[in-house]
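Contents: one structure, followed by commentary.
Residue numbers (the working numbering), protein chains in the order written: chain A, 1004 to 1410; chain B, 1004 to 1410.
Right under this line is the structure:
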């Protein structure tokens, strides 16, 4: 029989009523002839409460192993409650904790990686015709202690379990209807995508579309697990996240994302000589400051040049501090820092075969008078940095230009 | 080095501040050169919240195994939090869950009995100079699932752990200062006892003094574990619960308890013939209705008699229903039921060697015009049933009569 994994996020199990609703979703899958393993998050808000207690009592350097003991309790509670709701409807079900399965992880408490999932215990439950309800986010470390996978880790738990069980599909139930062409709060004509490739989803997830954890998408791609993102609050199909080859025809552009959590740094008038990049970015890398976009202007006089790069907004002041002495050594006249920028990205695997996507982007933004401050590209993505106040205008303009608007 | 077990009840770990206070108690024991294992309850109120969810989703017949998964999370949380508070003070500490130790129980989910406690893992932690923090109330069933010991089971966990670790003492921290001669809310001159024997404590616990779980006292007696009941909110010594032979001299009467959860049933005018008791009490036993006191009046005419007995107030209407047909067969003229009664008990191992305790009880109650409706006695206890409205008068009168009043 077909095995599927269903995952319910925090808002989908926020209270007893939501948990009943999740139970209805499970029953629908069973009625469809599927054997179902369910992965649950903690009730919305509960993890925050637990983390708050951990920080109050454990201090800023709270022991991660004990942190994991405390916060894993949130998912444990929901797993038992959903099993109870199912049993109360006459559906055979039981919970299996991370240590019972076991979901084996490395020893990085608070941000553990899954090494393997034993399928014997859970397979026995499924083969007996029962629903297995599994707390997401938690695992068992090599020392026999509870580990957690880090924030949002339940998506990863679900995909890993789907891979281990060779499940036909992993349904991620959440509070949005699926993956949209862009943020519907900014562009009302945004459309829900029927499907999207793993690579597109990866770019979209890491660029600010907070639908799916990046880690879980990478895992799904690696094990070729079809993932569906859908709402637990309506009956519409969601968005399928699948391998490239499963999609009959690609959109040229699948979606447009934005990320306001970027800040721009410009070193004005540094000497134009070999090794400039190394002496600026080496110290940043050592200090674990991630640099995203980098632009070095062509030197007009052959002697000096401007170097522009972006970092996370939260790293801005630290980045400035780190590079200041090095910039002086390079004869830098001035360091400009600007937190008021947004990175806008156009994403689509179709770009591989369609020329002109970038050209069109620059053209329409230019027509609207939006100044592009930096550009970076990958095989399936073009990102531009523009002043933050143009976020809405840029998104709407691009959404229309690539033909993504809903009718 | 001396090992001790400290147990903190729900009100003693109710919030982060209380947990800090508990950490201070642990540090005091460490400063005293003790190796400490700590048993914690769930934060006050948390178990009720979890049980409420279980009943909402699981219904009246909620699966007990899943119930245990959910409610055990409460103690898991506190165990991690107390370990964090200790580590934050530089005290080496770690939590060990029931399944990690393991605390092995039978399979009676929701009311499991402890079969054995492995001491290897926890012994290693203690021998390494660390504090072991253990969630009370929970264990590991024979099927590898989480079990719970039933309400108040954390006292039992603590005493069982103290027995397994051959601990010198088990300190039960709670929100009262110790065991009192009677309820101080009713008798202001009640005194805290310095010590009390296991047997006295057993009688007091099962008769309504809600300081210690009866099960935990029976276990302490069986393994001869010295237990101290004390407040976590002041620095006074509490009450030691110890074996009879450890006490230099006994009070004749250690304490006076009352229990309002009793109801009286009288079968008036049943035929006085052999087998009456069996035909009344057999059906009640079959229906698992516990009968406490039984009085059969002497038959004045040799033909009919009255049979009076008490049951828990919650069982009263069911008890009446069950015996009605049988009472008719015995020619019973009328069944009287009375919920307005209280059972008052005088307890003390000294009764074994002191005559006249019962006589004094009947005498002083009679002097106050309090009518005794039933009497039952054991080796170290005399209980009387009186109208409920005399509770306070009876308690105060007896407390004075046995010389228990505080100066």
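Here a beta-carbon is modelled for each residue, glycine too, at the ideal position from N, C-alpha and C. Bear in mind that the values here come from a model prediction, so they are computed numbers and not experimental data.
Return the bridge partner residues of residue i from the DSSP annotation.
i, result
"residue 1243 of chain B", "B:1198, B:1231"
"residue 1390 of chain A", "A:1344"
"residue 1018 of chain A", "Paired residues: none, contrary to the question."
"residue 1267 of chain A", "A:1313, A:1341"
"residue 1350 of chain A", "A:1258, A:1384"
"residue 1142 of chain A", "A:1150"
"residue 1476 of chain A", "Outside the displayed range of chain A (1004 to 1410) lies residue 1476 of chain A, so it cannot be described from this structure."
"residue 1007 of chain A", "A:1039, A:1172"
I want to see whether chain B comes within less than 8 Å of residue i, judged by CB atoms only; does it?
i, result
"residue 977 of chain A", "The question about residue 977 of chain A has no answer, for chain A in this structure spans 1004 to 1410."
"residue 1303 of chain A", "no"
"residue 1403 of chain A", "no"
"residue 1061 of chain A", "yes"
"residue 1339 of chain A", "no"
"residue 1163 of chain A", "no"
"residue 1069 of chain A", "yes"
"residue 1186 of chain A", "no"
"residue 1178 of chain A", "no"
"residue 1073 of chain A", "yes"
"residue 1279 of chain A", "no"
Give a yes or no on whether 8 Å exceeds the smallest Cβ distance from residue i to chain A.
i, result
"residue 1079 of chain B", "yes"
"residue 1122 of chain B", "no"
"residue 1198 of chain B", "no"
"residue 1098 of chain B", "yes"
"residue 1239 of chain B", "no"
"residue 1246 of chain B", "no"
"residue 1190 of chain B", "no"
"residue 1066 of chain B", "yes"
"residue 1076 of chain B", "yes"
"residue 1057 of chain B", "yes"
Compute the Euclidean distance between the alpha carbons of residue i and residue j, then round it to the nearest angstrom.
i, j, result
"residue 1242 of chain A", "residue 1213 of chain B", "57 Å"
"residue 1176 of chain B", "residue 1082 of chain A", "32 Å"
"residue 1383 of chain B", "residue 1221 of chain B", "16 Å"
"residue 1311 of chain A", "residue 1277 of chain A", "16 Å"
"residue 1299 of chain B", "residue 1309 of chain B", "6 Å"
"residue 1070 of chain A", "residue 1155 of chain B", "26 Å"
"residue 1287 of chain B", "residue 1327 of chain B", "11 Å"
"residue 1034 of chain A", "residue 1199 of chain A", "27 Å"
"residue 1259 of chain A", "residue 1275 of chain A", "35 Å"
"residue 1159 of chain A", "residue 1358 of chain A", "35 Å"
"residue 989 of chain A", "residue 1137 of chain A", "Residue 989 of chain A is absent from the model: chain A starts at 1004 and stops at 1410."
"residue 1338 of chain B", "residue 1320 of chain B", "12 Å"
"residue 1166 of chain A", "residue 1090 of chain A", "26 Å"
"residue 1185 of chain A", "residue 1322 of chain A", "30 Å"
"residue 1171 of chain A", "residue 1048 of chain B", "43 Å"
"residue 1305 of chain A", "residue 1254 of chain A", "43 Å"
"residue 1123 of chain A", "residue 1104 of chain A", "8 Å"
"residue 1037 of chain A", "residue 1150 of chain B", "30 Å"
"residue 1052 of chain A", "residue 1084 of chain B", "12 Å"
"residue 1148 of chain B", "residue 1068 of chain B", "8 Å"
Is the beta carbon of residue j closer than 8 Å to that of residue i?
i, j, result
"residue 1146 of chain A", "residue 1118 of chain A", "no"
"residue 1204 of chain A", "residue 1179 of chain A", "no"
"residue 1042 of chain A", "residue 1161 of chain A", "yes"
"residue 1345 of chain B", "residue 1394 of chain B", "yes"
"residue 1314 of chain A", "residue 1292 of chain A", "yes"
"residue 1316 of chain B", "residue 1342 of chain B", "yes"
"residue 1115 of chain A", "residue 1139 of chain A", "no"
"residue 1245 of chain B", "residue 1350 of chain B", "no"
"residue 1108 of chain A", "residue 1077 of chain A", "no"
"residue 1163 of chain B", "residue 1120 of chain B", "yes"
"residue 1401 of chain A", "residue 1354 of chain A", "no"
Should residue i be counted as a contact of the ligand GDP given a C-beta to heavy atom distance under 7 Å?
i, result
"residue 1022 of chain A", "Here there are no bound small molecules, and the ligand GDP is not part of this structure."
query = Listed from N- to C-terminal order along the chain, which residues in the region 1103-1116 of chain B have their beta-carbon within a distance smaller than 9 Å of any beta-carbon of chain A?
reply = 1103
request  = Below 7 Å between beta carbons is the criterion; list the residues of the region 1121-1146 of chain A that meet it against any residue of chain B, in chain order.
outcome  = none
Members of the region 1080-1096 of chain B near chain A, C-beta cut-off 7 Å = 1080, 1082, 1083, 1084, 1086, 1087, 1088, 1090, 1091
request  = Taking only beta carbons into account, state which residues of the region 1034-1054 of chain B come closer than 8 Å to chain A, listed in chain order.
outcome  = 1053
query = For the region 1364-1382 of chain B, which residues have a beta carbon sitting closer than 7 Å to at least one beta carbon of chain A?
reply = none
key: Within 8 Å of chain B by C-beta, residues of the region 1015-1035 of chain A in sequence order   = 1019, 1022, 1023
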